[in-house]
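K.L.:
Each residue of the sequence shown is one higher than the one before, starting from 6 at the first, in the working numbering. We treat Cβ as the ideally placed atom computed from N, Cα and C, and that holds for glycine. Just so you know, these numbers come straight off a predicted model, no measurement behind them. One structure, as structure tokens, below. Some questions next.
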Amino acid sequence: MPNESLRARLSRPSILVAPGVYDPLTALIAELAGFEALYVSGAAIAYTRLGRPDIGLVSMSEAIETVGLIRDRVSAHLVVDADTGYGNALNVERTVRLLERAGANGIQLEDQDFPKRCGHLDDKSLIPALEMAGKIKAAVDSRRSRDTLIIARTDAVAVEGFDSAIERVGIYREAGADMLFVEAPRASGELKRVVERVGTTQPLMANMVEGGKTPILPASELEALGFSFVIFPGGIVRALAKAAHDFYVTLKAEGTTDAFRPRMYDFNALNELIGTPETLERGQWYADYKPGRN
């Protein structure tokens, strides 16, 4: 694990950038690229594990299994999208306990009603603010470590308007949320207003979705506005989906992968990336083990 907790890292002035990941391979590649924190995206799990949209189809057990597999491969901080907590406050208690045990360092909960939708889709609905506050309180009370951060997200901008979104995150802050997340502001001016209205006494989170409702700003500009944490949750899936489409089209048309080879890892390069030589060497060491050998 990193030397400092996620809470401590977010207290520093520089913004923390977390790319979206959805399995151990994407998490490993992101960690090797130098990222301190990774965002386990519920949407990305739905896209890749189910091949379906982000409309609340991913189950708690599927999310927990995914986090456990990722944690077994990487040491970076994991911030996990737990959707609505998969039910009411009692479900949230169990969700937090199991995700924390699986290796989550931050757990994000949203105030949508079921069935939920991706934050950048239309026609969302919300639960009452006080019901969500109870779920946040349940999450805070259920975590074993104060270093496991509870992140409160509101989708109210699209449903009840900007002012309601600000009011809601204030209520969630009073319930104990460690980080606040106003989803899908519709202009860079709204991003600025989030910071002005909510303040920076607690970390603020921003979400950059290619083609979504919020304009894409670089991390440096979000930091200047006052955000502490920014995610690019589904970018990896969109990049790999485009690459996969082009790969399969090429293979179908040409009957070979030769034209695609410059855009691929070959067999040996991929094995180097995932650590195959070191793994086999370690296995041989144990196979040859003799008492007294260190």
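1. From 205, 25, 232, pick the residue whose C-alpha is nearest to that of residue 242; which is it?
2. Residue 214 by DSSP, collapsed to three states: which one?
3. Per DSSP, residue 44 forms a beta bridge with which residues?
4. Name the one or two DSSP bridge partners that residue 115 has.
5. Can you give the Cα-Cα distance for residue 257 and residue 10, rounded to whole angstroms?
6. Evaluate residue 282 with the Cβ neighbour count: other Cβ atoms within 10 Å of its Cβ, from every protein chain shown; 16 or more gives buried, anything less gives exposed.
7. Are residue 121 and residue 88 close, meaning C-beta to C-beta below 8 angstroms?
8. Pull up the distance between the alpha-carbon of residue 58 and that of residue 27, whole angstroms please.
9. Would you mind listing the beta strand (DSSP E) stretches within the region 133-202 that are 3+ residues and don't spill past its ends, in chain order?
10. Run the CB neighbour count on residue 104, radius 10 Å, all protein chains shown included, and call it buried at 16 or more, exposed below.
11. In chain order, what residues of the same chain have a beta carbon less than 6 angstroms from the beta carbon of residue 254, not counting five sequence neighbours either side?
12. Reducing DSSP to helix, strand and coil, say where residue 232 ends up.
13. Under three-state DSSP, which class holds residue 222?
14. Can you give me the C-alpha to C-alpha distance between residue 227 and residue 65, rounded to a whole angstrom?
15. Can you tell me which of the three DSSP states residue 278 falls into?
16. Can you grab the Cα-Cα spacing for the pair residue 18 / residue 108, in whole Å?
17. Count the CB pairs spanning the region 129-138 and the region 177-192 that are closer than 8 angstroms, and state whether there are at least three.
18. So for residue 62, helix, strand or coil by DSSP?
19. Rounded C-beta distance between residue 152 and residue 117? I'm assuming under 8 angstroms.
20. Give the straight-line distance between the Cα atoms of residue 45 and residue 262, rounded to the nearest whole angstrom.
21. For residue 143, is the beta carbon positioned less than 7 angstroms from some heavy atom of the ligand ADP?
22. Is the Cβ-Cβ distance between residue 234 and residue 208 less than 8 angstroms?
23. Ordered along the chain, which non-local residues of its own chain (more than five positions away) have a Cβ less than 6 angstroms from that of residue 219?
24. Could you compute how far the alpha carbon of residue 83 sits from the alpha carbon of residue 43?
25. With DSSP as the reference, please indicate the residues paired to residue 209 in a beta bridge.
26. Which residues bound the alpha helix (DSSP H) around residue 247?
27. For residue 156 versus residue 112, is the C-beta spacing smaller than 8 angstroms?
28. Between 20, 34, 22, which lies nearest to residue 270 when the distance is taken from Cα to Cα?
29. Mind checking who residue 237 pairs with in its DSSP beta bridge?
30. Compare the Cα-Cα distances from residue 23 to each of 229, 71, 81, 115 and report the closest residue.
31. Near residue 96, what residues of its chain come up, given a Cβ to Cβ distance below 8 angstroms and the 5 sequence neighbours on each side ignored?
P.N.:
Reading from the atomic positions:
1. The residue with the shortest Cα to Cα distance from residue 242 is 25.
2. Reduced to three states, the DSSP call for residue 214 is coil.
3. DSSP output for residue 44 lists 25, 84 as bridge partner(s).
4. Partner(s): 158.
5. Per the coordinates, the alpha-carbon of residue 257 lies some 48 angstroms from the alpha-carbon of residue 10.
6. Counting other Cβ atoms within 10 Å of its Cβ, residue 282 stays below 16 and is therefore classed as exposed.
7. Contact: yes.
8. Approximately 14 angstroms, taken between the alpha carbons.
9. You should have 154-159, 184-187.
10. Classification for residue 104: buried.
11. Listed in chain order, the non-local C-beta contacts of residue 254 below 6 angstroms within the same chain number zero, local neighbours out to five positions each way being set aside.
12. The answer is coil: DSSP assigns residue 232 none of H, G, I, E or B.
13. Note: residue 222 maps to coil in three-state DSSP.
14. So the two alpha carbons sit approximately 31 angstroms from each other.
15. Correct three-state label for residue 278: helix.
16. Counting only the Cα atoms, residue 108 lies some 25 angstroms from residue 18.
17. Segments in contact, yes.
18. DSSP, reduced to helix, strand and coil, places residue 62 outside both helices and strands of the structure shown, so it counts as coil.
19. With a contact defined as Cβ atoms closer than 8 angstroms, residue 152 and residue 117 miss out at about 27 angstroms.
20. If I take the Cα positions, the gap works out to 31 angstroms.
21. Among the ligands in the structure shown, none appear at all, so the ligand ADP cannot be discussed.
22. Yes, these two residues count as a Cβ contact at 8 angstroms.
23. Excluding positions up to five away in sequence, the list reads 189, 190.
24. For residue 83 and residue 43, the distance between alpha carbons rounds to 5 angstroms.
25. Paired residue(s): 185.
26. From DSSP, the alpha helix (DSSP H) with residue 247 extends over 240-259.
27. Less than 8 angstroms separates the beta-carbon of residue 156 from that of residue 112.
28. The candidate whose alpha carbon is nearest that of residue 270 is 34.
29. DSSP, once it has assigned bridges, lists 24 as partnering residue 237.
30. Comparing Cα-Cα distances from residue 23 to each of 229, 71, 81, 115, the minimum goes to 81.
31. Taking residue 96 as the centre and dropping the five residues before and after it, the same chain places the C-beta of 65, 90 closer than 8 angstroms to its C-beta, in chain order.
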